[in-house]
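Written below as structure tokens is the structure these notes are about.
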Amino acid sequence: TVQAQALQSSQAGYRFSRGVHPAMAERGCKRAAELMRSLAGGTVAKGMLDVYPRKFKSPTVDIGEADVERIMGIRIPLKQIAKILESLEFVCMPLTNKREPRLRVTVPDHRMDIGAGVIGQADLIEEIARVYGYERIPETQIADAMPPQRGNPSLEQEERARDILVNAGLQEVISSRLTTAEREARSLPPGAPADPLPYVTITNPIAADRVALRHSMLASVLEAAATNLRFTERVALFEVGSVYLPVAGEALPQEPRRVAIVLSGPREPQGWQPADRALMDFFDLKGVVEALTDGLHLPGVAAEPGEHASFRPGRTALLKIGGQAVGAFGELHPLVAEAYLGANPAAPVLAAEFDLEAVLAGIPPRRVTTGVSRFPPVVEDIALIVDEGVAASRVEALIRQAVVETQHAVETQHAASLQVNIRLFDLYRGEQIGAGKKSLAYRLTYQAEDRTLTDGEAAKVREKIVRRAKDVLGAELRG
């Protein structure tokens, strides 16, 4: 039945889910007969034939002043309680054989929402409070001080991640958690392996395309981006939320937290000032990802070339924290972009999806900072020619390692006091360096905590960097 299955997708279902009392049949017949007599000139026959072998007994509820006071916090005279309930068509009979005067209340036929026992008593007190007036219930000051607020580190870290993405220029979307397997399948190109996990379905869906709990956060944000790109040329969206993954033998699914990002269109929106109208590419997305990891102060972060079915081959990276992959980002696969935006999208779509719980787990419990040096830095540029397949992150890691190895060679009071900042500022490919090669130019900033470094001391670090880059990567110093 509708009531048993709690299906309320229609007006009739909404009505019948609350029940229809059998005694209402007689009233309905009488009303129908009266309408036929008054409107159609019919003649009402005398009497009524009613096959009703097992009569429905209306529930009764016992209630007293103490019961009302326990819930409402104020004492209402029993006579006033009876008056309120009788005005709502409840039948009240006083109980005289009790120590405390009480009422036995019979629920009218049309009030199928009133239960029996303790639940029915709470229902009646709610009716009494409604008629008596909530504004007449006096305010009571809390006797004790409010307990101190306890921190929620996971929630605070998640909010921090949201703030970082907003500061990076993205807008947060909140999409429905309900979807279908067919809708989520659009986030994979045709021929890609389908999601092997079954979906958690609901018995009373609000729509035909909202029948299951989502597996992918990326699919939800791609739908939002596709909708927005019908009206604007640029989107920069993200969403933080849960996905629902069934576990064999478990009644409830796992609900890991995910974060998804989608970028597409020009780097800057058109305005009254000159704007950068170049289309966003992989490195714009990588910058957003780095803003997130840097803002969370995550150690051991690396972006390595990888593969993901939703992303374009050769333009996909895996985000690793402490050597563990936590997600992927890159340019959306052309067939996936076509599924959401139609043929020939105006701009490439950049997307990412990460396991937010794994990302936040990488935040160190305590962050150690170094004081700002009072002494001026030494700044120099260095350009290394490496093979095309060598990642810039690998070169940067090598430079940092070379600095660590030469710290003892620099005559400072504390070897660990030598600080270095590394920034890649130029990438060059061309005939001057040959085919299959690229030039990576870095700006190095050296600084000591106890004194001003000399050019000779900085040169020792530079020589170590060049020598190690040649030995490990076969790199050459570009003149």
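So the sequence shown is numbered by our numbering: it starts at 1 and just counts up by one. For glycine and all other residues, C-beta sits at the position ideal for the given N, C-alpha and C. The model shown is predicted, which means the values in this text are computed figures rather than measured ones.
- In the structure shown, G241 falls within a strand segment according to DSSP collapsed to helix, strand and coil.
- Look at A226 here: in three-state DSSP terms it is helix.
- Boundaries of the alpha helix (DSSP H) around Q401: A392 to T406.
- Judged by DSSP secondary structure, Q447 falls outside any alpha helix (DSSP H) and instead within the beta strand (DSSP E) spanning K437 to Q447.
- As DSSP reads the structure, C92 sits in a beta bridge with V105.
- The residue among R54, G287 and I206 with its C-alpha nearest the C-alpha of A302 is G287.
- Excluding residues up to 5 positions away in sequence, S58, T60 and V91 lie with their Cβ nearer than 6 Å to the Cβ of T106 in the same chain.
- The straight-line gap separating the alpha-carbon atoms of L35 and M112 is approximately 26 Å.
- With respect to E353, A291 sits apart: the two C-beta atoms are not nearer than 8 Å.
- With contacts defined by Cβ atoms closer than 8 Å, A475 and V403 do not form a contacting pair.
- DSSP places F282 in the uninterrupted alpha helix (DSSP H) bounded by F282 to G295.
- Contact between V359 and F329 fails: their C-beta atoms lie close to 12 Å from each other, not under 8 Å.
- Note that the C-beta distance between H215 and E184 is below 8 Å.
- The C-beta distance from A212 to T201 rounds to 5 Å, short enough to fall under 8 Å.
- In terms of Cβ geometry, I74 and I125 do not form a close pair [threshold 8 Å].
- In chain order, P253 and Q254 place their CB closer than 7 Å to the CB of V247, counting only its own chain and leaving out the 5 sequence neighbours on each side.
- C-alpha of R160 to C-alpha of A325: approximately 21 Å in a straight line.
- In summary, E331 is buried, with 16 or more beta-carbon neighbours lying within 10 Å of its beta-carbon over all protein chains present.
- When the Cα atoms are used, V221 and L263 turn out to be separated by approximately 10 Å.
- Counting the other Cβ atoms within 10 Å of the Cβ of D294 gives fewer than 16, which makes it exposed.
- Taking C-beta atoms as the reference points, L356 and F238 fail to come closer than 8 Å.
- Around the C-beta of S175, 16 or more other C-beta atoms lie within 10 Å, and the residue is accordingly described as buried.
- Residue G322 holds the alpha-carbon nearest to the alpha-carbon of H297 among G322, A143 and D281.
- For L165, the uninterrupted alpha helix (DSSP H) segment begins and ends at P153 to N167.
- Per DSSP, Y134 lies in no beta strand (DSSP E) and is assigned neither H nor E.
- Annotated as distal: L424 and K438, with beta-carbon spacing of 8 Å or more.
- Here S187 really is in contact with L218; their C-beta atoms are around 6 Å apart, less than 8 Å.
- With respect to L341, L477 sits apart: the two C-beta atoms are not nearer than 8 Å.
- Between the segment 365 to 382 and the segment 301 to 317, the count of Cβ pairs shorter than 8 Å is below three; the stretches do not touch.
- Between L398 and R462, the CB-CB gap reaches or exceeds 8 Å.
- Fully enclosed alpha helix (DSSP H) runs of no fewer than 4 residues occupy 24 to 40 and 65 to 72 of the segment 19 to 75, in order along the chain.
- Comparing alpha carbon positions, the residue from A226, A458, R102 and S373 closest to A337 is A226.
- Across the set V240, L444 and R70, the C-alpha of V240 shows the shortest separation from the C-alpha of D163.
- DSSP places P334 in the uninterrupted alpha helix (DSSP H) bounded by P334 to L341.
- Contact check for A32 and F56: beta-carbon distance about 21 Å, past the 8 Å limit, so the pair fails to qualify.
- A Cβ-Cβ contact shorter than 8 Å links Y132 with I76.
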